[in-house]
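Remarks on the structure that follows.
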Amino acid sequence: MERRLVKNLDFLLLGVVLVLVVIGLLTIFSATRANTAINNGNPYLFVEKQFISVLIGLVGMALLIGVDYRLSDLAYRLIYGVNILLLVAVIFFGTEVNGAKSWLNLGFYSLQPSEFAKLAVILTLAKHLSEKEKLSSLWDLWSPFLHIFPPLILILLQPDFGTALVFVFIFFVMLYMAGTNGRLLFSIILTGILLITLIFVSHHFFDTPLPLKDYQIKRLTSFINPDADPRGAGWNVNQAKIAVGSGRFFGKGLFQNTQGRLGFLPENHTDFIFAVFCEEWGFIGGFILLSLFLILIWRSLRIAVQAKERCGSLIAIGIMAMFTFHVLENVGMNMSIMPITGIPLPFISSGGSSMMANLFAVGYLENIWARRQKILF
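Numbering (the numbering used here), first residue to last: 38 to 414.
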């Protein structure tokens, strides 16, 4: 890596990410160390796996900073093609966990291609949109929609509704920032909401089939009234709220969580790790954690604004949108104000593929920031 690039890195962004990673490792260890049902008697099992993913992610991040973020036509086709192939491979050869076939078992590692697909879509869509001369009419949007359609459908076939929502959010944010008319986008979104509403109304009155399974519908709607099925679909939401509330103002202290450790809170190291963190560190800890994410999102936006050309700006905007949606959705579902979709909390939730993909994304942010000037001195 050139010395002039190192001097131009965003060290505040790097510092915040490293602090989040350390917080994540500590919280994963706290959530899993006493759960012999999943750690096979090794209290360090999950934190060791996560640490290895962190090391790989940091190496990948450093390598990505050193190369030009702008994709050549060959790299564009290669990234898009490999992304589609991996998502297709999951459909045919993937391992099913919790009703979703989202993982490829490589023997020594379980890869979740959908996590890397987010970054792949951001990179390729940014190049695609940056080369569009105008985005003022519905006809101008046919190629971006065609671009996002194959990976989105493959994600829904797993089925992974949460990741599909991330794709949709990233897509519309990038379209808007690329210059698409806001009224046009609002009309498209409103039309989509109306179609989804009609599908559910038709299912209710005429028993037409839905693309989602019954348990998925219950998970998505349980946050509205978790007490309607307190021992079923509403269990996770209620236990997460209890964990968050029991932390009170200052929390119970590190390794002192009870909801997860005693088995009341399922998925306490992945989907509901924010509840474990709040139980141990209270309102103050939750506020500090959300402040760190706010800095991460702010720096991403700053990088987008100061990027030297359109493609870099769109990549940064896409990454910012990805982090924003993940934080809002994960924290929201831990507090019963958002549907349960299984979306991880960036850098905090256990998951090697998610950790590596997020660190790679930070590498691209640093890459764009370091090259924001035409000439570096």
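In this text, a Cβ means the ideal position worked out from N, Cα and C, and glycines have one as well. Owing to the predicted nature of the structure, the values given are computational and were not obtained by experimental measurement.
Measuring only the C-alpha atoms, how far is residue 323 from residue 98? 27 Å
Report all residues from its chain with a CB closer than 8 Å to the CB of residue 121; omit the five preceding and five following residues, and keep chain order. 187, 188, 191
Under a Cβ-count criterion, where at least 16 other Cβ atoms within 10 Å of its own Cβ denotes burial, should residue 117 be classed as buried or exposed? buried
Need the endpoints of the alpha helix (DSSP H) that residue 247 sits in, please. That residue, residue 247, is in no alpha helix (DSSP H); it is neither H nor E in DSSP.
Anyone know if the C-beta pair for residue 315 and residue 281 falls short of 7 Å? yes
When the Cα of residue 42 is compared with those of 105, 370, 266, 68, which residue comes out closest? 105
Taking the beta carbon of residue 414 as the centre, do at least 16 other beta carbons fall within 10 Å, making it buried, or is it exposed? In this prediction, residue 414 scores a pLDDT of 41, lower than 50, which makes its location untrustworthy; no coordinate-derived value is stated.
Could you tell me which residues DSSP puts in a beta bridge with residue 71? Partner(s): none; residue 71 has no beta bridge.
Below 8 Å, how does it come out for the segment 67-86 and the segment 360-376: are there three or more Cβ pairs, yes or no? no
Alpha carbon to alpha carbon, how far is residue 92 from residue 412? Give it in angstroms, no decimals. Its pLDDT being 47, under 50, residue 412 is placed unreliably in this model, and the coordinates cannot settle the point.
Which residue or residues does DSSP assign as beta-bridge partners of residue 137? 134
What alpha helix (DSSP H) runs, 4 residues minimum, are completely inside the segment 176-257? 179-193, 198-214, 219-243
Simplified DSSP assignment, three categories, for residue 95: helix
From 409, 389, 385, 201, pick the residue whose C-alpha is nearest to that of residue 55; which is it? 385
Measure from the alpha carbon of residue 156 to the alpha carbon of each residue in 399, 407, 403, then state which is nearest. 399
On a CA-only basis, which of 139, 113, 198 is nearest residue 125? Give me that one, please. 139
So, is residue 264 buried or exposed, given that buried needs 16 or more other C-beta atoms within 10 angstroms? exposed
Give me the residue from 327, 201, 220 with the minimum Cα distance to residue 158. 201
Limits of the alpha helix (DSSP H) - the one that residue 325 falls within: 310-343
Closer than 6 Å by C-beta to residue 278: which residues in its own chain qualify, once you throw out the five before and the five after it? Chain order, please. 373
Apart from the five residues just before and just after residue 49, which ones in its own chain have a Cβ nearer than 6 Å to its Cβ? none
Range covered by the alpha helix (DSSP H) that runs through residue 152: 150-167
In terms of residues, what are the limits of the alpha helix (DSSP H) holding residue 399? 389-407
Among residues of its own chain, excluding the 5 on either side of residue 212, which ones have a beta-carbon nearer than 8 Å to its beta-carbon? 166, 172, 178, 181, 222
Cut-off 7 Å between Cβ atoms - residues of its own chain near residue 289, not counting five sequence neighbours on either side: 316, 317
When 63, 119, 307 are compared against residue 293, the one with the closest alpha-carbon: 63
Starting from the N-terminal side, write out each stretch of the alpha helix (DSSP H) that is 4 residues or longer and does not extend beyond the segment 263-296. 272-283
Does residue 285 pass the burial test, meaning 16 or more other C-beta atoms within 10 Å, or should it be called exposed? exposed
How about the segment 145-154 and the segment 387-404: do they share at least three Cβ pairs that are nearer than 8 Å? yes
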